[in-house]
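Presented below is the structure to which this report refers.
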Amino acid sequence: MTDKLSNYRKAAGPLPARQHLWPLYGAGLENLGQNGKPVEVAVPDCGPNQLLIRHDACGLCFSDIKVISQGQDHPRITRDMRQEPVVLGHEVCMTVMAVGETLKEKYHIGDRLTLQTDIIYKGQGLAYGYMIQGGLSQYAIIDERILNTDQGNFLIPLKPDLGYAESALSEPWACVVAAYRLNYRTALKDGGLTWIIGNGDSRQFSFSAGFDETGHPARVYLTGISGPFLKWIEERAQQLDIELIQIPNVDSLPVEFVDDIILLGAEADLIEKVSPRLATFGIFCLMAEQPLQRNVNIDVGRVHYHRWLYVGSTGTDISLAYSQTPVRAALKPGGKAWFVGAGGPMGRMHVQRAIQFPGGPGIIVCTDVTDERLADLCTSYAAEAKAKGIEFICLNPANKAEYQAVMGKFKTEGFDDIIVTAPVPAVISDAATYLAVNGVMNVFAGLARGSMVSLDISQTYLHHTRIIGHSASGYSDMQETVHRVTIGELSTNRSVAAIGSLNAAKDGYQAVKDMIYPGKVVIYPQIKDFPLTALHDLKNILPSVYALLRDGREWTNEAEKEFLNLLLP
């Protein structure tokens with residue numbers, strides 16, 4: 025390691041008085057920076073309860089494109105962007121450059137850090153790279169909003185030998201890790217609001233659990249419930265001090281949302297009508313024996329963002345609809361998994377995880393509409409999958425004859441797991457028809473709330489399929505991901521596809537928007553001017569860096585060291 029790089033890693037030397045950053049003043053790439061360039065501002069002073077940090081690497085995310093596209097209308101932006109522009113960048117690695125007096129026992133100059141970016145402070149959403157200045161700046165202040173969030177300190181320490189890019193990309197990877205760690209209730213929400221709707225199913229229903237001393241709702245709304253089941257509910261409610269309220273029809277619910285909706289006798293129109301009354305983390309339970317006459321339009325945006333869940337049973341014990349087939353967020357060991365939109369940056373991460381992590385599937389099918397990205401995916405992972413005994417198939421739906429011939433083989437038995445990273449309702453609707461009995465489809469792609477998808481929801485009670493969705497991460501997910509990177513179980517470097525200096529960020533966002541690269545764009549804010557460059561193009565531009573890539577195509581910490589050695593000022 026050269027003295028220049030060694031001093032950089034130790035944060036040695038004087039701080040500059042000025043820095044560059046990319047403010048976003050409104051919707052559209054034309055509002056990023058000034059005259060198409062970053063702006064120069066003063067490096068902020070560090071207060072007694074603050075840290076001054078240096079951004080060392082920043083991954084560009086498609087979520088940033090949503091902010092650029094929506095500007096002031098983005099739900100996470102709650103201030104006037106013209107007056108207080110947003111500095112994007114939430115996939116970051118940072119180094120401590122100055123420590124406030126009250127923090128000197130815990131932090132030191134040269135400490136390496138990342139953070140969980142989804143920050144809630146005093147009840148307000150202040151995500152890093154949204155409301156708090158993000159990684160497309162050379163320096164920033166870490167203050168009480170991050171050090172003392174409503175859930176604690178969101179900084180995560182890093183080992184000094186980790187690479188900058190691999191550390192920054194722990195954030196998007198944490199979202200992938202989180203997708204397989206989701207937990208759902210297996211009973212009515214204890215202390216919650218439940219709505220039970222009778223719809224002509226005259227069977228004698230019951231609760232074997234979840235409606236007793238160990239746990240029960242605080243209030244139950246009843247519509248169209250009569251006979252022995254009503255009598256049982258009334259007696260149990262009296263014993264447990266549960267408030268019962270009779271609702272004459274489904275239009276008369278006196279509250280906006282409930283935690284559980286139980287429909288005794290499935291009907292597509294009724295499911296569509298009452299589904300919007302589900303609260304965040306709400307569960308819709310369908311009790312029926314016959315398939316629905318048509319598909320149901322389900323708000324998959326709320327399945328994704330609000331974590332709605334549809335469960336069901338053909339029996340009469342409502343409790344078993346919740347508990348007998350709990351959601352399996354992890355991939356089925358040895359099963360059949362289909363990754364839809366697998367050629368993009370996030371799709372590749374899901375595929376890599378399926379191959380590298382223990383207990384993976386026996387068959388992996390990857391589909392993408394871009395031949396170039398699909399070919400790169402196959403080159404990157406096919407041999408590794410084969411070495412682990414995994415059948416690895418890559419298909420482009422545009423090649424209809426081949427696609428139909430191969431996918432037709434899976435139609436009968438179905439897939440145990442379907443991971444969708446393409447936010448297209450028609451694609452989600454079609455993919456759901458391939459679910460096996462007890463199969464799980466994870467809609468990882470973030471469709472907007474209100475995005476309706478036509479689904480055969482009767483499969484939830486006939487075949488116990490589950491449709492889930494989520495793409496964010498929590499603090500523990502970040503910790504888990506950083507740990508796996510640190511011990512060498514996970515190579516986030518394999519996600520890097522192109523690199524550039526801070527000046528290249530605008531071109532980087534255009535490339536992300538246009539889906540140019542199969543992997544992530546990583547910006548190094550501290551280096552000299554360097555254009556956005558695909559890794560394979562380093563062969564002629566920086567041959568000494570290219571020589572240190574893995575197999576001539578994958579980023580490594582050694583390549584990064586050489587890159588920084590050449591390009592740090």
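Under our numbering, the letters of the sequence shown match residues 25 to 593, in that order.
For each residue, glycine too, the CB sits at the ideal point set by N, CA and C.
Would you kindly check if the distance between the Cβ of residue j and the Cβ of residue i is under 7 Å?
i, j, result
"I379", "E408", "yes"
"A521", "P549", "no"
"Y245", "I269", "yes"
"I133", "V120", "yes"
"Q57", "L112", "Checking the sequence, you will find Gly at residue 57 rather than Gln. No, they are not a contact pair."
"N589", "E190", "no"
"I551", "S525", "yes"
"D285", "W219", "The question names Asp, yet the displayed sequence has Ile at residue 285. Contact flag set, yes."
"V464", "D441", "yes"
"P99", "Y49", "no"
"C199", "S404", "no"
"T505", "W256", "no"
"T247", "I221", "yes"
"V444", "V477", "no"
"A528", "P567", "no"
"H79", "E64", "no"
"D323", "K213", "no"
"L217", "L179", "no"
"V364", "T391", "yes"
"V451", "I89", "no"
"H488", "T349", "yes"
"E291", "N223", "yes"
"R260", "T340", "no"
"E582", "L572", "yes"
"V393", "A422", "yes"
"L287", "W332", "no"
Am I right that residue i and residue j are in contact with their C-beta atoms under 8 Å? What's the rounded C-beta distance?
i, j, result
"L479", "N319", "6 Å"
"M105", "Q96", "5 Å"
"P385", "K360", "6 Å"
"S343", "A211", "7 Å"
"L419", "P447", "Between P447 and L419 the Cβ distance is about 20 Å, and since that is not below 8 Å, they are no contact."
"L76", "P68", "7 Å"
"H140", "G498", "Reading the sequence as shown, one finds Gln at residue 140 and not His. Contact holds; Cβ gap of about 7 Å."
"V327", "I491", "6 Å"
"P369", "K544", "5 Å"
State the DSSP-derived secondary structure class of residue i, mapped to helix, strand or coil.
i, result
"L333", "strand"
"D275", "coil"
"R490", "strand"
"A41", "coil"
"V448", "coil"
"T238", "coil"
"F434", "helix"
"R103", "coil"
"G51", "A small fix is needed here, since residue 51 is Ala in this sequence, not Gly. Looking at A51 - three-state DSSP - the assignment turns out to be coil, as it is neither helix nor strand."
"Y427", "helix"
"V91", "helix"
"Y32", "helix"
"T218", "strand"
"C418", "strand"
"M121", "strand"
"L137", "strand"
"C402", "helix"
"L591", "helix"
"L471", "coil"
"R260", "helix"
"Y19", "Here the chain comprises residues numbered 25 to 593, so residue 19 is not present and cannot be evaluated."
"I143", "coil"
"F253", "helix"
"G5", "Given that the chain is displayed from residue 25 to residue 593, the structure contains no residue 5 and the question cannot be resolved."
Distance cutoff 7 Å, beta carbons only. Does residue i sit that close to anything in chain C?
i, result
"V91", "Any reference to chain C falls outside this structure, which holds one protein chain only."
**Report entry** alpha helix (DSSP H) segments (min. 4 residues) lying fully within the segment 280-348
**Finding:** Whole alpha helix (DSSP H) segments, 4+ residues: 292-298, 324-329, 342-347.
Query raised in the report: Does the segment 482-496 come close enough to the segment 506-515 to have 3 or more Cβ pairs within less than 8 Å?
Result: Taking 8 Å as the limit for Cβ pairs, the verdict is that the segment 506-515 does not touch the segment 482-496.
Report task. Entirely within the segment 150-212 and at least 4 residues each: give me those alpha helix (DSSP H) ranges in chain order. Result -> 168-171, 188-192, 194-203, all fully within the segment 150-212.
**Report entry** Runs of beta strand (DSSP E) wholly within the segment 477-526 (minimum 3 residues, chain order)
**Finding:** Within the segment 477-526, the complete beta strand (DSSP E) runs of at least 3 residues fall at 490-492, 520-525.
Query raised in the report: Using 8 Å as the threshold, is the segment 296-316 in touch with the segment 237-244, meaning 3 or more CB pairs across them?
Result: No: fewer than three Cβ pairs fall under 8 Å.
Query raised in the report: Is the segment 69-83 touching the segment 532-540, taking contact as three or more C-beta pairs under 8 Å?
Result: In the pairwise beta carbon analysis, the segment 69-83 is classified as not touching the segment 532-540: fewer than three pairs are separated by under 8 Å.
Query raised in the report: Any chance the segment 193-207 sits against the segment 224-238, with 3 or more Cβ pairs inside 8 Å?
Result: Three or more beta-carbon pairs separated by less than 8 Å are not found between the segment 193-207 and the segment 224-238, which leaves the two stretches without contact.
Query raised in the report: Counting only runs that start and end within the segment 552-588, where is the alpha helix (DSSP H) found for 4 or more residues in a row?
Result: The qualifying runs are 562-565, 567-570.
Query raised in the report: Does the segment 136-146 come close enough to the segment 158-174 to have 3 or more Cβ pairs within less than 8 Å?
Result: The segment 136-146 vs the segment 158-174: in contact.
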